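Enquirer: Quick note, in the numbering used here, the sequence shown goes up one by one and the last residue is 152. Each residue gets a CB set at the ideal place from its N, CA and C atoms; glycine is no exception. Since this is a predicted model, take the numbers as computed values, not measurements. Starting off with a structure, shown below.
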Amino acid sequence: MTVKLKGEPFDPHAELAAFERRQGEDVGAVASFIGRMRADGGARQLTLEHYPGMTEKEIGRIVREARARWSLDDALVIHRYATIQVGDPIVLVAAAAAHRGEALAAVAFIIDYLKTRAPFWKKEDRDKGSAWVDARDADDQAAEKWTKQN
């Protein structure tokens, strides 16, 4: 299990390739998700702040919970903080397992919980000023489905 927070841009494809290379012969599936900054509604850049120390611990808890639910061989979470430009990667989540169902479910679970439980704060700079981003009901609903499946 690897959790990294990065203040500088990262190459998710290189990170994913390195993750895949370290997997053993029992791994039959590697699933991944790359989240990028989008130009949504005139957004020009995003500033992500986090609670150092606490953020890593919470992401670690999320990954451990995924490993307890599914038979994972390995997991990787890389999340940016600082100022992010449109098109830049924000997050990479990857899971390795013997079977695709476990890897795919674990990635979905981890990203849903990152959106709702990890202590990050977002501020968007738009064409007409900047504003802190509120939590979205859709993110809460996505995470809630996992508690119903527990």
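1. Would you check if the stretch 37–55 and the stretch 69–89 touch, i.e. whether three or more CB-CB distances between them fall below 8 Å?
2. With which residues is Ser-34 paired in a DSSP beta bridge?
3. Could you tell me the boundaries of the alpha helix (DSSP H) in which Arg-102 lies?
4. Can the beta-carbon of Leu-94 be found less than 8 Å from the beta-carbon of Pro-14?
5. Along the chain, where does the alpha helix (DSSP H) containing Val-65 start, and where does it finish?
6. Classify His-1: buried if its beta carbon has 16 or more other beta carbons within 10 angstroms, exposed otherwise.
7. According to DSSP, Arg-23 sits in a beta bridge with which residue or residues?
8. Please report the distance separating the alpha-carbon of Leu-74 from that of Phe-111.
9. Using the Cβ count rule (16 or more neighbours within 10 Å means buried), how would you classify Glu-146?
10. Between the alpha carbons of Leu-50 and Phe-122, how many angstroms are there, rounded?
11. Please state the DSSP three-state secondary structure of Gly-9.
12. Would Leu-7 pass as a contact of Tyr-83 if the rule is Cβ separation under 8 Å?
13. Cβ atoms of Leu-78 and Thr-149: under 8 Å apart, would you say?
Expert: To lay it out plainly:
1. yes
2. Ala-96
3. 102–119
4. yes
5. 56–71
6. Limits of the chain in this structure are 3 at one end and 152 at the other, which puts residue 1 out of reach.
7. According to DSSP, which records beta bridges pairwise, Arg-23 is partnered with nothing at all.
8. 13 Å
9. exposed
10. 6 Å
11. coil
12. yes
13. no
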